[in-house]
Amino acid sequence: MIRQFVFSVVEAMDGVKSNRGTTLLTIGTITVSIYFMGFFFVSLTNLNNIFNSLKQRSSLVVYLKDNRPEREIKDLESWIAENKDVATMNYISKDDALADFKKEFKWDESVLEGIGHNPLPASFVITLKGGAKNLEAIDGIAADLIKFKGVEDVEYGREWVEQLRSLIAIARLIIVGVGILLALGLLFIVSNTISLSIYSRLDEIKVMKLVGATKRFIRGPFVVEGIIEGIIGSIAAMIFLYGSYLILIFKIPESTIILLGLQEISFLSRATIFWLIASGGLIGLIGAEIAISKVIRIRD
Amino acid sequence: MVNLYHVYKRYGSAQTLSDITFKVDKGEFIYITGPSGAGKSTLLNILFCSISFNEGQIVVNGKNILKMRDSSIPYYRRDIGMVFQDFQLLTHKTIFQNIGFAQHAVGTWGAKAKQRVWWKLKDVGLTTKKDHYPLELSGGEQQRVAVARALINNPKIVMADEPTGNLDEQMSNQIIRLLQKANEEGATVLFATHNERLIENFPARVIRLDKGRMVE
Numbered sequence: 001m002i003r004q005f006v007f008s009v010v011e012a013m014d015g016v017k018s019n020r021g022t023t024l025l026t027i028g029t030i031t032v033s034i035y036f037m038g039f040f041f042v043s044l045t046n047l048n049n050i051f052n053s054l055k056q057r058s059s060l061v062v063y064l065k066d067n068r069p070e071r072e073i074k075d076l077e078s079w080i081a082e083n084k085d086v087a088t089m090n091y092i093s094k095d096d097a098l099a100d101f102k103k104e105f106k107w108d109e110s111v112l113e114g115i116g117h118n119p120l121p122a123s124f125v126i127t128l129k130g131g132a133k134n135l136e137a138i139d140g141i142a143a144d145l146i147k148f149k150g151v152e153d154v155e156y157g158r159e160w161v162e163q164l165r166s167l168i169a170i171a172r173l174i175i176v177g178v179g180i181l182l183a184l185g186l187l188f189i190v191s192n193t194i195s196l197s198i199y200s201r202l203d204e205i206k207v208m209k210l211v212g213a214t215k216r217f218i219r220g221p222f223v224v225e226g227i228i229e230g231i232i233g234s235i236a237a238m239i240f241l242y243g244s245y246l247i248l249i250f251k252i253p254e255s256t257i258i259l260l261g262l263q264e265i266s267f268l269s270r271a272t273i274f275w276l277i278a279s280g281g282l283i284g285l286i287g288a289e290i291a292i293s294k295v296i297r298i299r300d
Numbered sequence: 301m302v303n304l305y306h307v308y309k310r311y312g313s314a315q316t317l318s319d320i321t322f323k324v325d326k327g328e329f330i331y332i333t334g335p336s337g338a339g340k341s342t343l344l345n346i347l348f349c350s351i352s353f354n355e356g357q358i359v360v361n362g363k364n365i366l367k368m369r370d371s372s373i374p375y376y377r378r379d380i381g382m383v384f385q386d387f388q389l390l391t392h393k394t395i396f397q398n399i400g401f402a403q404h405a406v407g408t409w410g411a412k413a414k415q416r417v418w419w420k421l422k423d424v425g426l427t428t429k430k431d432h433y434p435l436e437l438s439g440g441e442q443q444r445v446a447v448a449r450a451l452i453n454n455p456k457i458v459m460a461d462e463p464t465g466n467l468d469e470q471m472s473n474q475i476i477r478l479l480q481k482a483n484e485e486g487a488t489v490l491f492a493t494h495n496e497r498l499i500e501n502f503p504a505r506v507i508r509l510d511k512g513r514m515v516e
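Quick note, the sequences are listed as chains A and B, same order. Just so we're aligned: the first sequence equals residues 1 to 300 in this note's numbering. Just so we're aligned: the second sequence equals residues 301 to 516 in this note's numbering.
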């Protein structure tokens, strides 16, 4: 078994050397396809990171009705303080809110002109503990808070968080769809280029059949060749992708990265790199199997 | 060893073999002869399971080849050594590797395989050229390599399809002697040739075909 495998590897290397043109074509095709798959994965990883970062930074703002009794605010404050999911709580009075507003719009004081009173409500700004940062938990807390008499509204940017989540779900679907299309296209091209390699070695196959080689023995070198080309192609794709990644992070200003709430633009995890390389090998293997089953018939 | 009963083979409307019936016993040496287009090669290719036939029954070495599964054919072929007019050697492999290749294909590896290749090369008188490539050898030498490859797995049957077609008389005699030796060692030999002189010089039972029919 091991000897047959070694034989297949040696024969496959012979095939690679003697069919450089088709080998390069196969490797190149795999490289381009895996590169794009990797590119989509990098995009998805970073979209996920942005989503998580925004979720981490998200907070609940509880707007209070004006002129409510002190007791109602105290009740609300103690409920918030005692809630096990709350990490921090900050009370912003109407005056503080106005001061913040003025500070923020100091370049355009006309915004408040003509308004005789302070229109801004007092509020509590709440951040939640890690475990409570999923949307369902935030929904629950918001629902409890809105029941308090003194609460005017609870705002936590649910809409855009959901939009972002939908966007990521769509991106995932696109990646899966594009991935499947790329894989099918790759299989077609790889099986055809390996067919060329098989046709150029038909004399060898004929001799193998002549001396009683089984189909498994005959296909061995071609399958190994497909796997080798698949793995080399995907390793090349990872190298090019990493090069593109380095260029990209050099070009994107740090301020943009911070604005997106990221510490850095992430590359693929080691596990993803491994699986992409393995899938390149797998595509090579399946492509070779398809090619062989098209070309080799034992009864001839 | 080889039994054919009323075998017919057609290519479209052309009848290549008609009502072929004969029996070859174990250890026999027979010639299949006839002019070009008589059906000699077709007959051998049918026996080797390279092509199918339309009617009749063929039993080789106790196996009905009509009922044989595709997966059994490689194992069936291991009992048959095949030699062709055009040698069919791998030009990018040395002659040692060419013969060794036949060993690997049937799962024989290592020192045992090398030793067997060496002995077979010695039998055909080519040990000194073991590292040569086929195209560096004469036609006769190449055919001796092909014979060595056909015999390396000790087949029960040897089929030779015009093995001397491209060779001069002296080379042809060398090849037939090698096959006679294999026959003396127990192999049944089916030798297709149109060379009447060869048959006269090395007489044996003859099956003569003409236009796809047995005439002798």
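Note that beta-carbon positions come from the ideal geometry of N, C-alpha and C, so glycine has one too.
For the region 427-439 of chain B, the set of residues with a beta-carbon nearer than 9 angstroms to any beta-carbon of chain A is empty. G185 of chain A sits in a helix when the DSSP states are folded into three classes. One alpha carbon belongs to N192 of chain A, the other to A278 of chain A, and they sit about 21 angstroms apart. Annotation for I330 of chain B: the continuous beta strand (DSSP E) segment containing it runs F329 to T333.
In the structure shown, N495 of chain B adopts coil according to DSSP, grouped into three states. About 16 angstroms separates the Cβ atoms of L285 of chain A and I235 of chain A, ruling out a contact at the 8 angstroms cut-off. DSSP, read as helix, strand or coil, puts V383 of chain B in strand.
In this structure T316 of chain B is buried. Its beta-carbon is surrounded by 16 or more other beta-carbon atoms within 10 angstroms. The Cβ of L390 of chain B sits closer than 7 angstroms to at least one Cβ of chain A.
Counting of Cβ neighbours within 10 angstroms places E11 of chain A among the buried residues, the total reaching 16 or more. W409 of chain B has a beta carbon lying within less than 7 angstroms of a beta carbon in chain A.
DSSP places T22 of chain A within a helical segment (H, G or I) once states are collapsed to three.
Under a 10 Å Cβ-count criterion, M382 of chain B is classified as buried, with 16 or more other Cβ atoms of the shown protein chains found around its own Cβ. Put simply, the region 202-212 of chain A touches the region 389-403 of chain B. At least three CB pairs are less than 8 angstroms apart. The region 301-317 of chain B makes no contact with the region 67-83 of chain A, as fewer than three CB pairs between them are under 8 angstroms. Look at the region 201-212 of chain A: the residues with a C-beta under 8 angstroms from a C-beta of chain B are D203, E204, K206, V207, M208, K209, L210, V211 and G212. Residue pairing by DSSP puts K363 of chain B in a beta bridge opposite B:V360. From the beta-carbon of R378 of chain B, the residues of chain A found nearer than 7 angstroms are G212. L478 of chain B and R444 of chain B do touch by the CB rule: their CB atoms are close to 7 angstroms apart, below 8 angstroms.
Counting every other CB atom within 10 Å of its CB across the protein chains shown gives D461 of chain B a total of 16 or more, marking it as buried.
Look at V62 of chain A here: in three-state DSSP terms it is strand. Here DSSP, grouped into helix, strand and coil, assigns R201 of chain A to coil. Three or more beta-carbon pairs drawn from the region 333-347 of chain B and the region 496-508 of chain B are found closer than 8 angstroms, and the two stretches are therefore classed as touching.
Within 8 angstroms of the CB of V406 of chain B, the CB atoms of chain A belong to V211, G212 and A213, in sequence order along the chain.
Rounded to the nearest whole angstrom, the CA to CA distance from R449 of chain B to L184 of chain A is 42 angstroms. Secondary structure at V207 of chain A: helix, using DSSP grouped into helix, strand and coil.
With a contact defined as Cβ atoms closer than 8 angstroms, V154 of chain A and A137 of chain A miss out at about 14 angstroms. The straight-line gap separating the alpha-carbon atoms of L202 of chain A and V32 of chain A is approximately 29 angstroms. Taken through DSSP and simplified to helix, strand or coil, F217 of chain A comes out as helix. Counting along the chain, T272 of chain A sits inside the alpha helix (DSSP H) bounded by residues R270 to V295. Excluding residues up to 5 positions away in sequence, I80, A81, F124 and I126 lie with their Cβ nearer than 7 angstroms to the Cβ of M89 of chain A in the same chain.
In chain order, L390 place their CB closer than 8 angstroms to the CB of Q397 of chain B, counting only its own chain and leaving out the 5 sequence neighbours on each side. A residue is called buried once 16 or more other Cβ atoms fall within 10 Å of its Cβ, and M1 of chain A, having fewer, is exposed. The beta carbon of A122 of chain A sits closer than 6 angstroms to the beta carbons of L64, S93 and K94 from its chain, once the five residues preceding and following it are set aside; these are given in chain order.
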